[in-house]
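Visitor: Order-wise, the sequence lines are chains W and R.
Residue numbering for the first sequence follows the numbering used here, starting at 69 and increasing by one per position.
Residue numbering for the second sequence follows the numbering used here, starting at 5 and increasing by one per position.
We put the CB at the ideal spot given by N, CA and C, even for glycine.
All values derive from a computational prediction rather than experimental measurement.
Have a look at this one before I ask anything.
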Amino acid sequence: MKGDDDSISRRDLLKRAGAVAFVPVGALVSVVRPFQGRDAVAKEPLETLTAAEADTLEAVCARLIPTDPNGPGAAEARAARYIDRALGGALKSSRQAYASGLAALDAHANSSRGARFAALAPADQDRVLQDVAAGAAPGLPNGTFFNLVRAHTIEGTFCDPYYGGNAGFVGWDLIGYPGVRTTVNADDQRLGAGTKANHKSAYDYAMFTKARD
Amino acid sequence: MPTRLKDTDVAIIGLGAAGGVAAWPLAQAGLQVVGLEAGTWLTRNDFAPDELRNNYREWPQSVQKAQHEVPTQRVSASAPTLRAATHPMMNAVGGTTLHYWAQSWRLNPWDFKVVSETTRRYGASRIPKGSTVEDWPFGLDELEPYYDKVEYEIGVSGQAGNIRGRIDRRGNIFEGPRSREYPMPPLRGSGFTDMMATAATGLGWHAFPGPAAINSRTYQGRSACMYHGFCNKGGCHVDAKNSPAVTTIPKAQKTGRLQVVTRAHVTTIEVDREGRVAGVTYVTDGVEYFQPAKVVLLASYTYENTRTLLLSKSAPYPNGLSNNHAQVGRHYFSHNQQAGVTALFPRNLNTWYGLPAQGMGVDDFADDNFDHAGLDFIGGGNLWVYSDRRPIAAASMNTFGKAPTWGSAWKAFIKENADRTNTAYLQKTTLPYEDNYLDLDPVVKDPLGLPVCRITANYKDNEAKVAAFIQDKMEAWYRAAGATDVLRGPLGVMGPTTHAYGGTRMGDNPATNVVDRWGFSHEAPNLGVLGASVMGTSGARNPTLTAQALAWRTAEHLVNNWKTIAK
Chain W
69 MKGDDDSISR
79 RDLLKRAGAV
89 AFVPVGALVS
99 VVRPFQGRDA
109 VAKEPLETLT
119 AAEADTLEAV
129 CARLIPTDPN
139 GPGAAEARAA
149 RYIDRALGGA
159 LKSSRQAYAS
169 GLAALDAHAN
179 SSRGARFAAL
189 APADQDRVLQ
199 DVAAGAAPGL
209 PNGTFFNLVR
219 AHTIEGTFCD
229 PYYGGNAGFV
239 GWDLIGYPGV
249 RTTVNADDQR
259 LGAGTKANHK
269 SAYDYAMFTK
279 ARD
Chain R
5 MPTRLKDTDV
15 AIIGLGAAGG
25 VAAWPLAQAG
35 LQVVGLEAGT
45 WLTRNDFAPD
55 ELRNNYREWP
65 QSVQKAQHEV
75 PTQRVSASAP
85 TLRAATHPMM
95 NAVGGTTLHY
105 WAQSWRLNPW
115 DFKVVSETTR
125 RYGASRIPKG
135 STVEDWPFGL
145 DELEPYYDKV
155 EYEIGVSGQA
165 GNIRGRIDRR
175 GNIFEGPRSR
185 EYPMPPLRGS
195 GFTDMMATAA
205 TGLGWHAFPG
215 PAAINSRTYQ
225 GRSACMYHGF
235 CNKGGCHVDA
245 KNSPAVTTIP
255 KAQKTGRLQV
265 VTRAHVTTIE
275 VDREGRVAGV
285 TYVTDGVEYF
295 QPAKVVLLAS
305 YTYENTRTLL
315 LSKSAPYPNG
325 LSNNHAQVGR
335 HYFSHNQQAG
345 VTALFPRNLN
355 TWYGLPAQGM
365 GVDDFADDNF
375 DHAGLDFIGG
385 GNLWVYSDRR
395 PIAAASMNTF
405 GKAPTWGSAW
415 KAFIKENADR
425 TNTAYLQKTT
435 LPYEDNYLDL
445 DPVVKDPLGL
455 PVCRITANYK
465 DNEAKVAAFI
475 QDKMEAWYRA
485 AGATDVLRGP
495 LGVMGPTTHA
505 YGGTRMGDNP
515 ATNVVDRWGF
525 SHEAPNLGVL
535 GASVMGTSGA
545 RNPTLTAQAL
555 AWRTAEHLVN
565 NWKTIAK
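Here is the structure:
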């Protein structure tokens with residue numbers, strides 16, 4: 069499949085993930101699984117994080133919002149890509165927190181479960197994250213880092229795709245957000261309106277000046 | 005030495021909600037006006053429907069003056085000083101009205117007469133201990149013509165509830181008499197707000213669509229609202245939100261008598277030896293300018309109004325301009341508008357689109373609209389529900405104790421419930437107190453080296469009791485509409501907010517008020533102050549329209565008394 073090609077562009081990845089949204093729900097799990105692995109994700113050039121950091125972060129995001137019978141999660145949404153880009157811009161002030169936090173998380177994975185976080189089975193990953201959330205991991209004495217990553221993973225899964233997350237609108241489809249519109253009529257605001265998702269980014273509307281980062 | 009600029013009649017500091025309105029009647033009357041604005045012009049193209057940028061990244065497209073001047077805060081003089089990460093206001097021509105909710109209420113009659121009406125009905129002992137609340141120097145009737153002017157000039161949509169004493173049950177039956185209908189019908193309802201209105205009627209309450217400075221139809225050549233869902237901290241892409249930036253400021257510019265100066269960072273107001281105001285010093289790109297003016301109108305924001313006066317020290321005013329009675333910074337309060345209520349419904353509410361001003365209000369428990377004889381507080385709150393939801397915030401919803409905060413079970417919860425929750429906005433009576441005040445922080449400074457504003461304030465018993473009472477009512481409303489679970493937010497603290505009052509209170513007594521009944525300083529006769537910093541009570545509703553009506557009234561007073569005030 070095309071996604072295995074090293075030269076795949078960011079745009080192609082976006083398009084490919086977008087295709088997922090049109091697959092009937094029952095078929096989602098088998099279709100999206102291939103994207104869950106780190107192989108496809110790691111091939112994209114990183115903008116801020118080191119490869120090791122990105123590896124760990126991808127795995128964390130995938131447990132926070134897992135790919136499961138309810139559909140694609142943070143992996144398909146490319147939440148880690150969003151965070152990687154944002155840490156070089158709007159979230160710059162959090163860069164150091166990620167460096168030390170991800171290192172401490174991996175160290176805790178090693179000491180408590182015997183392998184770095186990304187190499188653990190999902191159940192073990194969850195136990196490590198529970199420790200981190202509870203402030204029970206060495207070097208992470210409270211839930212601050214966990215809450216930071218959780219907030220950014222939610223941003224990366226549900227933001228406008230312009231920022232590199234919510235790829236293929238998988239986040240918006242998950243919660244039933246029908247998409248960015250510049251005009252909404254009374255019918256669209258009825259209870260049970262069932263407005264169809266339009267899969268548009270704010271910046272698909274030519275009038276808007278693009279955000280800086 | 006700063007560069008001295010050409011003289012002008014009036015210099016307005018800040019072209020936001022209040023200054024941007026005042027400029028129009030001044031220019032219309034033939035006065036030369038210079039508007040000094042820290043921000044720049046932003047236009048409809050800048051207002052992308054982008055939740056991340058608008059709601060999570062503090063308006064990166066605007067000049068960041070306010071963000072460098074976030075006030076510090078402490079709950080009492082002996083408590084530790086903290087500082088919020090961000091300032092809720094923004095700098096631009098039009099100010100925060102570019103991205104505000106645009107709810108444009110008139111205060112109710114009681115709000116002007118809290119002391120006398122409470123005393124008359126329940127006895128003087130019912131005024132909370134330590135409160136410095138006073139009656140306003142005038143009643144609603146005095147401000148009504150100015151509310152009317154602003155509603156028609158900028159454009160406010162709404163349903164009248166009381167026209168010259170004739171009650172219209174489609175509107176707020178508790179409002180004071182207005183001289184005529186709103187210039188536009190109210191914004192339309194949504195499925196959700198209609199459902200809530202039906203539930204309110206079932207409880208015997210009076211629900212009504214609230215007033216908004218948003219076009220419900222084409223008005224003055226500008227489009228009607230598109231209900232696209234990004235009004236909450238978002239600018240309008242069709243100019244349907246009636247900020248002074250698209251209404252009164254362009255009108256004033258068309259006269260040729262308003263000069264808008266952007267990126268003007270005002271530092272001090274200068275005075276002459278007699279204590280009259282001489283003009284304004286400001287900085288642009290490190291260069292200092294002096295703008296001489298016959299009259300100065302200070303219209304920044306509540307925190308900056310107090311701060312600018314306290315920073316403007318001189319021989320006639322050694323403790324800050326217009327502060328020889330030590331009243332600048334006193335009688336501060338930020339609106340008791342936290343302590344919200346969040347509900348979970350067993351069905352989708354379809355509130356993905358709409359805007360915070362597209363809602364239903366209930367005023368039955370606001371102000372003195374109900375009998376307080378058997379209660380232990382005065383005042384009340386306005387209940388407000390509205391259609392407004394965006395995806396990041398929706399996914400960040402409270403899980404009501406029914407799911408963990410991450411993982412598959414959480415994901416299943418938000419998949420089902422992201423469109424099933426709603427949070428009410430409960431604005432409640434807030435009073436000024438002796439020990440709630442603003443001053444200059446002794447440590448924290450802005451990039452120019454000037455101290456930032458410091459808030460020393462906390463809610464008192466009356467505010468806590470009002471909040472609990474109103475939360476009970478809101479819970480009852482949600483449950484009547486079918487909510488299965490209800491959560492209550494905490495009272496919070498009086499940190500920097502968009503509804504900040506006082507610091508330059510208006511009143512006849514110079515010993516307890518900074519400005520007189522017209523908004524002019526009791527000490528420096530050619531200095532006026534505009535904004536909610538002159539308001540002595542909050543009411544249970546958004547302050548902007550009142551600040552704008554007061555600004556218009558101050559401007560008109562200046563025009564009518566130009567020779568006396570300007571000399």
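Assuming ALA487 of chain R and LEU325 of chain R are in contact, meaning their beta carbons sit under 8 Å apart, how far apart are those beta carbons, in whole angstroms?
Guide: Taking the first residue of the second sequence as position 1, residue 487 of chain R is located at position 483. Taking the first residue of the second sequence as position 1, residue 325 of chain R is located at position 321. 51 Å between Cβ atoms; not a contact.
Visitor: Taking C-beta pairs closer than 8 Å, name the residues in chain W that GLY195 of chain R reaches, listed in chain order.
Guide: As a position in the second sequence, residue 195 of chain R is number 191, starting the count at 1. The answer, in chain order, is GLN257, ARG258, LEU259, GLY260, ALA261.
Visitor: Can you tell me the Cα-Cα spacing of ASP445 of chain R and ALA471 of chain R, whole angstroms?
Guide: Looking up residue 445 of chain R in the second sequence gives position 441. Looking up residue 471 of chain R in the second sequence gives position 467. Going by the C-alpha atoms only, they are around 30 Å apart.
Visitor: Is it the case that the Cβ atoms of TYR336 of chain R and GLY511 of chain R are separated by a distance below 8 Å?
Guide: On the second sequence, residue 336 of chain R is found 332 positions in, with the first residue counted as 1. On the second sequence, residue 511 of chain R is found 507 positions in, with the first residue counted as 1. No; because the gap between Cβ atoms is not below 8 Å, this pair is not in contact.
Visitor: Which whole runs of the beta strand (DSSP E) in the segment 301-387 of chain R are 3 residues long or more, in chain order?
Guide: With a minimum length of 3 residues, the continuous beta strand (DSSP E) runs that stay inside the segment 301-387 of chain R are 345-348, 363-366.
Visitor: What does the alpha-carbon distance come out to for the pair ASN402 of chain R and ARG424 of chain R?
Guide: For the purposes of this step, residue 402 of chain R is taken as residue 398 along the second sequence, with counting starting at 1. For the purposes of this step, residue 424 of chain R is taken as residue 420 along the second sequence, with counting starting at 1. Computed Cα separation, rounded: 11 Å.
Visitor: Along the chain, where does the beta strand (DSSP E) containing LYS432 of chain R start, and where does it finish?
Guide: Your numbering for residue 432 of chain R matches position 428 in the second sequence. LYS432 of chain R -> beta strand (DSSP E) spans 425-432.
Visitor: Between which two residues does the alpha helix (DSSP H) holding CYS457 of chain R run?
Guide: As a position in the second sequence, residue 457 of chain R is number 453, starting the count at 1. Run containing CYS457 of chain R: none in the alpha helix (DSSP H); it sits in the beta strand (DSSP E), 455-460.
Visitor: Using a threshold of 8 Å, state whether the C-beta atoms of GLU144 of chain W and GLY236 of chain W are closer than that.
Guide: Position 76 of the first sequence holds residue 144 of chain W. Position 168 of the first sequence holds residue 236 of chain W. Yes, these two residues count as a Cβ contact at 8 Å.
Visitor: Would a C-beta distance cut-off of 8 Å place ALA27 of chain R and THR252 of chain R closer than the cut-off?
Guide: Numbered from 1 along the second sequence, position 23 holds the residue referred to as residue 27 of chain R. Numbered from 1 along the second sequence, position 248 holds the residue referred to as residue 252 of chain R. Yes. Within cutoff.
Visitor: Counting along the chain, where does the alpha helix (DSSP H) carrying PHE212 of chain R start and finish?
Guide: The residue given as residue 212 of chain R occupies position 208 in the second sequence. Careful: PHE212 of chain R lies outside any alpha helix (DSSP H), inside the beta strand (DSSP E) at 211-213.
Visitor: Any chance you could list the alpha helix (DSSP H) runs of at least 4 consecutive residues sitting entirely within the segment 387-413 of chain R, in chain order?
Guide: Counting whole runs of 4 or more residues, the segment 387-413 of chain R contains the alpha helix (DSSP H) stretches 395-399.
Visitor: In chain W, which residues lie with their C-beta within 7 Å of the C-beta of ASN219 of chain R?
Guide: As a first step, residue 219 of chain R is located in the second sequence; it is residue number 215 there, counting from the start. Result: empty, since nearest Cβ-Cβ is about 14 Å, beyond 7 Å.
Visitor: What's the C-alpha gap between GLU146 of chain R and TRP522 of chain R?
Guide: One-based indexing of the second sequence puts residue 146 of chain R at position 142. One-based indexing of the second sequence puts residue 522 of chain R at position 518. Approximately 11 Å, taken between the alpha carbons.
Visitor: Quick one: Cα of HIS176 of chain W to Cα of PHE234 of chain R, how far?
Guide: To locate residue 176 of chain W, count along the first sequence from 1; it is residue 108. To locate residue 234 of chain R, count along the second sequence from 1; it is residue 230. About 42 Å.
Visitor: Between the segment 162-182 of chain W and the segment 200-220 of chain W, can you find at least three pairs of beta-carbon atoms closer than 8 Å?
Guide: Because the criterion of three Cβ pairs below 8 Å is met, the segment 200-220 of chain W and the segment 162-182 of chain W touch.
Visitor: Which value, in whole angstroms, describes the spacing of the CA atoms of ASN328 of chain R and PRO75 of chain R?
Guide: Indexing the second sequence from 1 puts residue 328 of chain R at position 324. Indexing the second sequence from 1 puts residue 75 of chain R at position 71. Between ASN328 of chain R and PRO75 of chain R, the C-alpha separation is close to 23 Å.
Visitor: Can you tell me whether LEU554 of chain R is buried or exposed, with buried defined as 16 or more other CB within 10 angstroms of its CB?
Guide: Taking the second sequence and counting its residues from 1, one reaches residue 554 of chain R at position 550. It is buried - the Cβ of LEU554 of chain R has at least 16 other Cβ atoms within 10 Å.
Visitor: Could you work out which residues of chain W lie near TYR574 of chain R, taking near to mean beta carbons separated by less than 8 Å?
Guide: No answer is possible for residue 574 of chain R: the residues shown for chain R start at 5 and end at 571.
Visitor: Hey, could you find the ends of the beta strand (DSSP E) GLN263 of chain R is sitting in?
Guide: Taking the first residue of the second sequence as position 1, residue 263 of chain R is located at position 259. 262-265 is the span of the beta strand (DSSP E), which, as asked, contains GLN263 of chain R.
Visitor: Listed from N- to C-terminal order along the chain, which residues in the segment 403-419 of chain R have their beta-carbon within a distance smaller than 9 Å of any beta-carbon of chain W?
Guide: Within the segment 403-419 of chain R, the qualifying residues are THR409, TRP410, GLY411, SER412, TRP414, LYS415, ALA416, ILE418, LYS419.
Visitor: Grab the span of the beta strand (DSSP E) containing TYR286 of chain R for me, first residue to last.
Guide: Counting from one through the second sequence, the residue named residue 286 of chain R turns up at place 282. Taken as a continuous stretch (DSSP letters only), the beta strand (DSSP E) holding TYR286 of chain R covers 281-288.
Visitor: With 16 as the cutoff for other CB atoms within 10 Å, does MET5 of chain R come out buried or exposed?
Guide: The residue you call residue 5 of chain R lines up with position 1 of the second sequence. Exposed, because fewer than 16 other Cβ atoms sit within 10 Å of the Cβ of MET5 of chain R.
Visitor: Taking any Cβ of chain W, which residues in the segment 385-399 of chain R have a Cβ under 7 Å from it, in chain order?
Guide: For the segment 385-399 of chain R, which is checked against every Cβ of chain W, the residues closer than 7 Å are SER391, PRO395, ILE396, ALA398, ALA399.
Visitor: According to DSSP, is VAL74 of chain R part of a helix, a strand, or is it coil?
Guide: In the second sequence, counting from the first residue as 1, residue 74 of chain R sits at position 70. Coil at VAL74 of chain R, not helix or strand.
Visitor: Name the residue from R:ALA256, R:THR550, R:MET93, R:GLU179 whose alpha carbon lies nearest to the alpha carbon of ALA536 of chain R.
Guide: As a working note, residue 536 of chain R is residue 532 in the second sequence. The candidate whose alpha carbon is nearest that of ALA536 of chain R is R:THR550.
Visitor: Measure the Cβ-Cβ separation of TYR293 of chain R and LEU9 of chain R and say whether it is below 8 Å.
Guide: As a working mapping, residue 293 of chain R is identified with position 289 in the second sequence. As a working mapping, residue 9 of chain R is identified with position 5 in the second sequence. In contact: TYR293 of chain R and LEU9 of chain R (Cβ atoms closer than 8 Å).
Visitor: Starting from LEU191 of chain R, trace the beta strand (DSSP E) in both directions and tell me its first and last residue.
Guide: Walking along the second sequence from the start, residue 191 of chain R turns up at place 187. No beta strand (DSSP E) holds LEU191 of chain R; DSSP gives it neither H nor E.
Visitor: Assuming VAL97 of chain R and ALA297 of chain R form a contact by the criterion Cβ under 8 Å, report the distance between their Cβ atoms to the nearest whole angstrom.
Guide: As a working mapping, residue 97 of chain R is identified with position 93 in the second sequence. As a working mapping, residue 297 of chain R is identified with position 293 in the second sequence. Not confirmed; about 19 Å, so no contact.
Visitor: Check whether the Cβ of TYR166 of chain W lies closer than 8 Å to any Cβ atom in chain R.
Guide: Taking the first residue of the first sequence as 1, we reach residue 166 of chain W at position 98. No - not a single Cβ of chain R is within 8 Å of the one on TYR166 of chain W.
Visitor: Ignore the nearest five residues each way along the sequence and tell me which others in TYR150 of chain R's own chain have a CB closer than 6 Å to its CB.
Guide: Walking along the second sequence from the start, residue 150 of chain R turns up at place 146. Closer than 6 Å at Cβ, skipping near neighbours: ALA553, TRP556, ARG557.
Visitor: Taking C-beta pairs closer than 9 Å, name the residues in chain W that HIS241 of chain R reaches, listed in chain order.
Guide: Against the second sequence, residue 241 of chain R aligns to sequence position 237. In chain order: THR250, TYR273, MET275, PHE276.
Visitor: Any idea what DSSP makes of ALA110 of chain W, helix, strand or coil?
Guide: For the purposes of this step, residue 110 of chain W is identified with residue 42 of the first sequence, where counting begins at 1. Note that ALA110 of chain W scores a pLDDT of 46, beneath 50, so its modelled location is shaky and nothing firm can be said.
Visitor: Confirm, please, whether the CB-CB distance from ASP50 of chain R to GLY239 of chain R is below 8 Å.
Guide: Position 235 of the second sequence holds residue 239 of chain R. Position 46 of the second sequence holds residue 50 of chain R. Yes, these two residues count as a Cβ contact at 8 Å.
Visitor: Can you find a C-beta in chain R that's less than 8 Å from the C-beta of GLU115 of chain W?
Guide: Counting from one through the first sequence, the residue named residue 115 of chain W turns up at place 47. No, GLU115 of chain W lies away from the interface with chain R (no Cβ there is under 8 Å from its Cβ).
Visitor: Looking at ASP371 of chain R and GLY543 of chain R, is the spacing between their C-beta atoms short of 8 Å?
Guide: Walking along the second sequence from the start, residue 543 of chain R turns up at place 539. Walking along the second sequence from the start, residue 371 of chain R turns up at place 367. Yes, the pair counts as a contact, with Cβ atoms nearer than the cut-off.
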